[in-house]
Structures are given as C-alpha cells and as structure tokens.
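Enquirer: Please find one structure pasted underneath; my questions will follow.
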Amino acid sequence: MTHPFRSVFTALAVAAATVGLQAQPALKVATVDMEQLFEKFYKTEAQQTKLREDEKKAQELLQSMVKEREALVTQAKELQEQGSNALLNDEARKKAEGELQKKVGEVRAKESEIQTFAQQTQQQLRAIFGQYQQQAVEEISKIATEIAKKKGITVVLNQGVLVFADSAYSITDEVLTAINKDRPAPAITISTPAATAPAAKK
8 MTHPFRSVFT ALAVAAATVG LQAQPALKVA TVDMEQLFEK FYKTEAQQTK
58 LREDEKKAQE LLQSMVKERE ALVTQAKELQ EQGSNALLND EARKKAEGEL
108 QKKVGEVRAK ESEIQTFAQQ TQQQLRAIFG QYQQQAVEEI SKIATEIAKK
158 KGITVVLNQG VLVFADSAYS ITDEVLTAIN KDRPAPAITI STPAATAPAA
208 KK
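Count the sequence shown with our numbering and you get residues 8 to 209, in order.
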C-alpha cells in the first residue's frame with residue numbers, strides 16, 4: 008500500500024537518526040524501510056482493524072439513510088399520482104400539490120443529509136488515521152534512532168527514497184523486532200469437541 012505521507016517518513020527518520028552526527032568521528036550509514044515498518048507495526052494493524060469497524064458502522068448508517076430517502080421518494084410518487092387524479096376538485100388538487108412539494112423538500116433534505124454525512128465521515132476517518140500515522144512514525148523513528156546509536160551508526164536513511172541501497176546496510180529487521188516486542192499475545196480460542204451421539208440400540 009502506498010502512503011501519501013512518505014515525505015514524513017523520510018524527514019523524521021533522517022532527522023531523528025542524525026542527532027549525534029557531529030559527535031561521531033566517522034560516517035556510518037544504515038537504512039530502514041519505513042513503509043514496511045509502519046505497515047507491520049502491530050499498532051498499525053490494530054488501528055486499521057478499528058478503522059474498518061468504524062467504516063462498516065458508518066456504511067450501515069448510510070444505507071439506512073438511503074432507505075429512508077427511497078421511502079420518501081415512493082411517498083412523493085404516490086402524492087403525484089393522487090394529484091393527477093381527474094376526479095379531484097380544485098381544492099383537493101391544490102392540497103395534494105402542496106403535500107407533494109413538501110415531500111419533495113423532504114427528499115432533497117435527506118439527499119443533502121446523506122451527502123454531508125458521507126463527506127464528514129470520510130474526512131473524520133482520514134483525520135484519525137493521519138493523526139495515528141504521525142504518532143506511529145515518530146515512535147518508530149525513536150526506536151530506530153536508539154538502535155542506530157547503539158550500533159554506532161551516524162546516519163539512517165529511508166530506503167523508500169533511495170535509488171539503490173545494499174541490504175547489508177539495512178537495520179529494518181532489528182527495528183521491526185523492537186517495535187513489536189510489546190505486541191499483545193493473541194487470544195487463545197478453546198474449541199469444545201462436539202458430543203458424539205449414542206449408538207442406536209439394535
């Protein structure tokens with residue numbers, strides 16, 4: 008998956024890992040795949056799961072609103088048919104036309120509500136994920152910096168913006184292990200074997 012915040016990955020990774028550059032007599036370079044680290048970070052998996060759940064709930068609400076609109080459209084069509092009845096007198100026809108206009112207004116209001124809800128929901132979900140993304144990148148960069156300093160590395164570059172880098176320079180696997188060391192243990196599901204039916208008596 009390509010992230011629109013790749014520049015954030017680069018800036019944070021490079022800035023965080025070059026803090027001690029002046030204190031080091033020799034240049035020692037390492038690389039990390041920030042995109043891979045972000046995607047495989049256990050907190051990212053949890054965040055994406057939550058966002059999918061929120062998106063599903065929003066979709067259910069949206070479908071409910073669409074059904075309400077369809078019901079209003081059906082009612083408007085019925086009023087239109089009533090108003091076109093040749094047996095109606097002028098007073099009844101005017102009343103039907105008034106009710107029709109009111110119902111059409113309700114349909115338009117519901118359509119506006121649906122559009123606003125869809126736009127706001129999309130914006131909120133993007134904002135939530137964007138905020139998480141920034142926090143996660145900062146956390147990953149901090150851990151990458153700590154590992155780099157322990158190894159005497161003076162510069163850490165993001166592989167995602169490099170034309171080529173030998174895999175020997177990569178500390179991605181070490182960082183990945185470190186950021187996932189606190190991953191919660193998966194829930195253990197104990198399945199109870201189905202009871203066997205007693206053999207039929209002969």
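Cβ atoms here follow ideal geometry from the backbone N, Cα and C, with glycine treated the same way.
Alpha carbon to alpha carbon, how far is residue 145 from residue 35? Give it in angstroms, no decimals.
Expert: The residue given as residue 35 occupies position 28 in the sequence shown. The residue given as residue 145 occupies position 138 in the sequence shown. For residue 35 and residue 145, the distance between alpha carbons rounds to 22 Å.
Enquirer: Is residue 56 buried or exposed, if buried means 16 or more other CB atoms sit within 10 Å of its CB?
Expert: As a position in the sequence shown, residue 56 is number 49, starting the count at 1. Residue 56 should be labelled exposed.
Enquirer: Identify, in the order they occur along the chain, each residue of the same chain with its Cβ nearer than 8 Å to the Cβ of residue 68, setting aside the five sequence neighbours on each side.
Expert: Along the sequence shown, read from residue 1 onward, the residue named residue 68 stands at position 61. Only 124 meet the Cβ criterion.
Enquirer: Please report the straight-line C-alpha distance between residue 39 and residue 59, rounded to a whole angstrom.
Expert: Locating residue 39 in the sequence shown gives position 32, where the first residue counts as 1. Locating residue 59 in the sequence shown gives position 52, where the first residue counts as 1. Rounded to whole angstroms, residue 39 to residue 59 spans 28 Å at the Cα level.
Enquirer: Taking just the CA atoms, how far does residue 134 sit from residue 185?
Expert: Counted from its first residue, the sequence shown places residue 185 at position 178. Counted from its first residue, the sequence shown places residue 134 at position 127. Answer to the nearest angstrom: the Cα atoms are 27 Å apart.
Enquirer: Considering Cα atoms alone, identify which of 105, 116 and 46 is closest to residue 79.
Expert: Taking the first residue of the sequence shown as position 1, residue 79 is located at position 72. It is 116.
Enquirer: Would you mind giving the Cβ-Cβ distance between residue 182 and residue 44, rounded to the nearest angstrom? I have them listed as a contact below 8 Å.
Expert: As a working note, residue 182 is residue 175 in the sequence shown. As a working note, residue 44 is residue 37 in the sequence shown. Indeed they touch by this definition, with Cβ atoms about 6 Å apart.
Enquirer: Report back the beta-carbon spacing between residue 150 and residue 73 to the nearest angstrom; my notes put them in contact at under 8 Å.
Expert: One-based indexing of the sequence shown puts residue 150 at position 143. One-based indexing of the sequence shown puts residue 73 at position 66. Not quite, the Cβ-Cβ distance comes to about 45 Å (not below 8 Å), so this is no contact.
Enquirer: At 3 residues or longer, what runs of the beta strand (DSSP E) sit wholly inside the region 131 to 206?
Expert: Complete beta strand (DSSP E) runs here, min 3: 162 to 165.
Enquirer: Look up residue 125 in the DSSP assignment and say whether it is helix, strand or coil.
Expert: The residue labelled residue 125 in the question sits at position 118 within the sequence shown. DSSP places residue 125 in helix when its eight states are reduced to three.
Enquirer: Between the Cα of residue 187 and those of 175, 147 and 155, spot the shortest distance and give me the residue it belongs to.
Expert: As a working note, residue 187 is residue 180 in the sequence shown. Nearest C-alpha to residue 187: 147.
Enquirer: What are the complete alpha helix (DSSP H) segments, minimum 4 residues, inside the region 38 to 104?
Expert: The qualifying runs are 41 to 47 and 49 to 90.
Enquirer: CA-CA distance, residue 119 and residue 126?
Expert: Mapped onto the sequence shown, residue 119 falls at position 112. Mapped onto the sequence shown, residue 126 falls at position 119. Taking the straight line joining both Cα atoms gives about 11 Å.
Enquirer: With DSSP as the reference, please indicate the residues paired to residue 36 in a beta bridge.
Expert: Position 29 of the sequence shown, counting from 1, holds the residue named residue 36. Answer is 162.
Enquirer: When we look at the beta-carbon of residue 165 and count the other beta-carbons within 10 Å, is it buried (16 or more) or exposed?
Expert: On the sequence shown, residue 165 is found 158 positions in, with the first residue counted as 1. Burial call: buried.
Enquirer: Return yes when the Cβ of residue 178 is within less than 8 Å of the Cβ of residue 192, no when it is not.
Expert: By 1-based counting over the sequence shown, the position of residue 192 is 185. By 1-based counting over the sequence shown, the position of residue 178 is 171. Not in contact: residue 192 and residue 178 (Cβ atoms no closer than 8 Å).
Enquirer: Would you mind sorting residue 110 into buried or exposed? The rule is 16 or more other CB atoms within 10 Å of its CB.
Expert: One-based indexing of the sequence shown puts residue 110 at position 103. Counting Cβ neighbours within 10 Å, residue 110 comes out buried, since at least 16 surround it.
Enquirer: How many angstroms separate the CA atom of residue 7 from the CA atom of residue 70?
Expert: Not covered by the structure: residue 7. The range shown for the chain is 8 to 209.
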